[in-house]
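Residue numbers (the numbering used here): 325 to 734.
From the three backbone atoms N, C-alpha and C, an ideal C-beta is built for every residue, glycine too.
Note that the coordinates shown come from a computational prediction; the quantities given were computed from them, not determined experimentally.
Worksheet for the structure shown next.
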Amino acid sequence: MTVESTAARKPRRSAAGKTGTTGGKAAGTTGTKRTAAKKTTNAEPELVQLLTPEGKRIKNAGTAAYDPYVADITPDELRGLYRDMVLTRRFDAEATSLQRQGELGLWASLLGQEAAQIGSGRATREDDYVFPTYREHGVAWCRGVDPTNLLGMFRGVNNGGWDPTTNNFHLYTIVIGSQTLHATGYAMGIAKDGADSAVIAYFGDGASSQGDVAEAFTFSAVYNAPVVFFCQNNQWAISEPTEKQTRVPLYQRAQGFGFPGVRVDGNDVLACLAVTKWALERARRGEGPTLVEAYTYRMGAHTTSDDPTRYRHDDERVAWEAKDPIARLRGYLESETDTNEGFFAELEAESEALGRRVREVVRAMPDPDHFAIFENAYADGHALVDEERAQFAAYQASFADVDEEEGKER
Ligand SMILES: Cc1ncc(C[n+]2csc(CCOP(=O)(O)OP(=O)(O)O)c2C)c(N)n1
Ligand SMILES: [Mg+2]
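In structure tokens, the structure reads:
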């Protein structure tokens, strides 16, 4: 093996740097000039951050000023973001416990990604349309989807659990990356309708390797579709680290498709709010797509079926713990606003109540009719579905035989 090929097989993990964007038009709202170095594809990764891990508010001094998008945010609104993150984390922890207790078949935790999801989710307008993956419980919360509705699919009692048209929040999508194409098509459609709404598609670092995502980038760029691609780079795609997905920082990929890409600190709720607002407004103004890479970390397992100790060191998780999105906003609220202990105590009580409600609702979810799964597959029926239904009926009947022999009731 040559030295070159060894190097090619060992891409270095890229470190986060300072503020800014790639893509020549990214600074459109500010009019600030960009330096030549920042236009190159291989420029050092840059990170938009407005709140440090210690909870200090810093000015986004880079080429695109995102500060104006959160400049007039009030202490009450900040407390609202904090509440969103705390309740989302609490809901998520409850769901993980419910899976461990056998009440859910599976759960995909968002632990660690609360700021990316609440910041971006709160940036959306009611008439915008959201296409999530399977982990966007915080975005669902922002859209007004009752959290208990997210659990039916994970309990195996329904195929979705909410009406996407009620909150403009599409059903969860398991086929990774496919929703970026759905979002692009939807965005092209609303643009033709003359609406000034925007669309946002969530996906992960692993999904970024899917052909669907590349096609979505191409189509959205060429048709100037009003869509924001929000990639939560949580460093892992199950057991595959991000360096197995890309040789350049993910946000820099946008440049090759002809639209701006921005890396934002995904554990900084203010920065996520500001950058997503900026990107959605670009879309509304007819300036086309944006790629936002929210640089964050999946603190838990991929799902409850996964054991991350098999493939990653705990010191990595510990390092990210110091950048916790909730702790940093709490630090800011405590040091820079008039938020008192009463607020935190009330929120704790509200979290407990939410946990209780989630447990009660999940346990009371009725089992569906076993044959319902064959309904609505085809409008007029299908020979293959008929065959599968008959096979399933025979399988069910085989249990009845055993029950009869053992004199048990099922
Ligand atoms: C098209 C497709 N291929 C493979 C899978 C199996 N799969 C489920 S999740 C996942 C990893 C996704 O990682 P990433 O996009 O980073 O999202 P994350 O789970 O980290 O949020 C894979 C490969 C799938 N669901 N769909
Ligand atoms: Mg990932």
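For H626, the distance from the CB to the nearest heavy atom of ligand 1 is below 8 Å.
Here R587 is near Y619, since their CB atoms are less than 9 Å apart.
When only Cα atoms are considered, L594 and R622 end up about 19 Å apart. Proximity to G585 across R652, N591, P573 peaks at P573, based on C-alpha coordinates. By DSSP's assignment, D589 forms a beta bridge with Y619. About 15 Å separates the CB atoms of A531 and V552; that is not less than 8 Å, and the two are not in contact. Around the beta carbon of R446, 16 or more other beta carbons lie within 10 angstroms, which makes this residue buried. Here DSSP, grouped into helix, strand and coil, assigns W560 to strand. Beta-bridge partners assigned by DSSP to A525: F455, F553. Using a 10 angstroms sphere on the CB of E438, the tally of other CB atoms reaches 16 or more, which defines it as buried. By the neighbour-count criterion, in which a residue is buried when 16 or more other Cβ atoms sit within 10 angstroms of its Cβ, V499 is exposed. By the Cβ neighbour-count rule, K647 is buried, with 16 or more other Cβ atoms within 10 Å of its own. Taken in chain order, the complete beta strand (DSSP E) segments of 3 or more residues contained in the segment 466 to 525 number zero; there are none. Note on F543: 16 or more other CB atoms within 10 angstroms of its CB, so buried under the neighbour-count rule. Between the segment 464 to 478 and the segment 441 to 455 there are three or more C-beta pairs closer than 8 Å, enough to call the two in contact.
By the beta-carbon neighbour count (other beta carbons within 10 angstroms, threshold 16), G666 is exposed. In this structure, G590 has its CB at a distance of at least 8 Å from all heavy atoms of ligand 2. Screening all residues for a C-beta within a distance smaller than 7 Å of any heavy atom in ligand 2 leaves G528, D529, G530, Q556, N557, N558, Q559, W560, A561, R622, in chain order. Cβ-Cβ distances below 7 Å link D416 to S433, L434, L435, H461 in the same chain, with the five nearest sequence neighbours on each side left out; the list follows chain order. Within 8 Å of the C-beta of S532 there is at least one heavy atom belonging to ligand 1. When C-alpha distances from Q715 are compared across N700, D704, Y702, H694, the shortest belongs to H694. Pairing L474 with L422 gives a Cβ-Cβ distance that is not under 9 Å.
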